């Protein structure tokens, strides 16, 4: 409460009538003019005093409190300063003083006094709401300093509290302006509950969705999510009551209603991020007509390849023992068991991945042959890169396939690709008619 409230009624009247007595005692102003001029001069003095008080309170709030906050160990008071809590407290202190001084300014206008007092009361209510908002924002910033809350949608809960506070504030404003008790307003509010539910439908759905998202740990700040329906493919950087904002990898922003995170399907890549690796799953298409059985000469050549030398030797010994045991006629190569260049290349890939420093050996790793297609036989590599950062992951995968594509000719295999450019030119020259000599 402002200290002027403690002034005695007699002193209050003398202060309020100070300019009136001076003006009336002069020969230039009559009774009515003196009353109006007294009110104007009182209002002018009030404005000056309010401005000076505001500057003093603001100086204390900004300079003194800020210096005090910098000296403490906790960062909570720093966030109080950052969110201007003390500045708003200075504002409300000035408003309280003005509210107490209005009766002095309008001592001769009691009918107008009540309107100005109600106006100041409304301003006090709104500034109080703003103070509460700043305090909530302070708690949000402070909680963000802890790892536990860094990925939690705190803004959603702040918005819920602010909606409740604004509703309560509006009810109090209504009561202050009309002079009606609060229960009458609440009774009228109940009659319009259906309309209010319709108006706040998205807010209610968003609130429920926000709670479910948090409790079920569906999405966190920083998660990479993909939601093709809304064109979202990037990192979540904001979760609030109404929407989730995603910064896509092309730096565009996609806004998704929070409710759709529980009503629609989407892909969250967090599992990949917290796992031991990022999956590499890509195929090489091999021409079917380049696959063959290995001859003795081929076997000797493949033994020179360090990664599969021992495998080729052991496998051939196993094949020879089988064929000898079953008295297989090897005059026709298809008889009995044989090694193929395709199988040797598949084993080479397995060994290459097993010795690659950027592949996680503790996770699934294999090379598999898929069903033949019109484009050839897919040989799929399935493994996990240790590095999950996108750019590094792409470099690891590209390096692996650079090597494998360059290794294919050593196995007398061919990669499939549609003919184009020089291939078509070479093909056309084959069918070009010979000119008569």
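Numbering (the working numbering), first residue to last: 255 to 691.
Beta carbons: idealized from backbone N, C-alpha and C, even for Gly.
Predicted model, so just to flag it, every value in this text is computed and none were measured.
Spatial neighbours of residue 257 in its chain, beta-carbon cut-off 7 Å, leaving aside the 5 residues before and after: Residue placement at residue 257 is flagged as unreliable, the pLDDT there being 49, under the threshold of 50; the coordinate-derived value follows with that caveat. Excluding positions up to five away in sequence, the list is empty.
Could you tell me which uninterrupted alpha helix (DSSP H) segments, each at least 4 residues in length, are contained entirely in the segment 392 to 427, listed from first to last along the chain? none
Proximity of residue 293 and residue 360 at Cβ, strictly below 8 Å: yes
What runs of the alpha helix (DSSP H), each 4 residues or longer, lie entirely inside the segment 579 to 613? Runs of the alpha helix (DSSP H) inside the segment 579 to 613: 595 to 608.
Whole-number beta carbon distance between residue 342 and residue 410, since they are thought to touch under 8 Å: So it is not a contact: roughly 23 Å between Cβ atoms.
Name, in chain order, the residues that DSSP records as bridge partners for residue 636. 535 and 620
By DSSP, does residue 628 sit in helix, in strand, or in coil? coil
Alpha carbon to alpha carbon, what distance is there between residue 470 and residue 301? 55 Å
Taking 7 Å as the limit between beta carbons, can you name the residues of its chain near residue 335, skipping five residues before and five after? 319, 320 and 323
Which stretch, first to last residue, makes up the alpha helix (DSSP H) that contains residue 455? 455 to 469
Three-state secondary structure (DSSP) at residue 504? coil
I need the boundaries of the beta strand (DSSP E) containing residue 488, first residue and last residue. 486 to 493
Three or more C-beta pairs closer than 8 Å, one from the segment 531 to 538 and one from the segment 625 to 642: is that the case here? The way I'd put it, the segment 531 to 538 does touch the segment 625 to 642; three or more beta-carbon pairs between them come closer than 8 Å.
Could you give the residue range of the alpha helix (DSSP H) that holds residue 644? 644 to 661
Rounded to whole angstroms, what's the CA-CA distance from residue 493 to residue 345? Just pull it up for me. 32 Å
According to the neighbour-count rule (16 or more other Cβ atoms, all chains shown, within 10 Å of its Cβ), is residue 392 buried or exposed? buried
Measure the alpha-carbon distance for residue 501 versus residue 365 and round it to whole angstroms. Near 57 Å, if we compare the C-alpha coordinates of residue 365 and residue 501.
Check the DSSP bridge columns for residue 553 and list the partner residues they point to. Bridge pairing for residue 553: absent [DSSP].
Three or more C-beta pairs closer than 8 Å, one from the segment 605 to 622 and one from the segment 575 to 594: is that the case here? Fewer than three beta-carbon pairs drawn from the segment 605 to 622 and the segment 575 to 594 are found closer than 8 Å, and the two stretches are therefore not classed as touching.
Between residue 485 and residue 507, what straight-line distance do the alpha-carbon atoms span, to the nearest angstrom? 10 Å
Which residues DSSP lists as bridging residue 481, in chain order: Paired residue(s): 486.
For residue 624, verify whether its CB is less than 7 Å away from any heavy atom of the ligand HEM. The ligand HEM is not part of the structure shown, which contains no ligands of any sort.
Rounding to the nearest angstrom, what Cα-Cα distance links residue 298 and residue 351 in this structure? The alpha-carbon of residue 298 is positioned some 15 Å away from that of residue 351.
Rounded to the nearest angstrom, what separates residue 428 and residue 413 at their Cα positions? 22 Å
Between which residues of its own chain and residue 668 is the CB-CB distance below 6 Å, once the five residues before and five after are set aside? Excluding the 5 residues flanking it on each side, residue 668 has same chain C-beta neighbours closer than 6 Å at 541 and 544, in chain order.
Nearest to residue 557 (by Cα), restricted to the options 530, 517, 483 and 595: 595
Beta-carbon contacts of residue 480 that lie in its chain and below 6 Å, excluding the five residues immediately before and after: 487 and 521
Can you tell me where the alpha helix (DSSP H) with residue 348 in it begins and where it stops? 339 to 359
Quick one: what's residue 547 bridged to in DSSP? 594
Pick out whichever of 304, 303, 331 and 327 has its Cα sitting closest to the Cα of residue 316. 331
Nearest by alpha-carbon distance to residue 240: which of 497, 529 and 530 is it? Residue 240 lies beyond the residue range present for the chain, which begins at 255 and ends at 691; the question has no answer from this structure.
Just to confirm before moving on: does the CB-CB distance between residue 605 and residue 662 stay below 8 Å? Taking 8 Å as the Cβ cut-off, residue 605 and residue 662 do not qualify as a contacting pair.
Element boundaries [alpha helix (DSSP H), containing residue 692]: Residue 692 lies beyond the range of the chain shown here (255 to 691); nothing can be said about it.
Please report the straight-line C-alpha distance between residue 311 and residue 408, rounded to a whole angstrom. Answer to the nearest angstrom: the Cα atoms are 31 Å apart.
Please state if the CB of residue 591 and the CB of residue 623 are separated by a distance shorter than 8 Å. no
Consult DSSP for residue 336 and reduce its assignment to one of helix, strand or coil. helix
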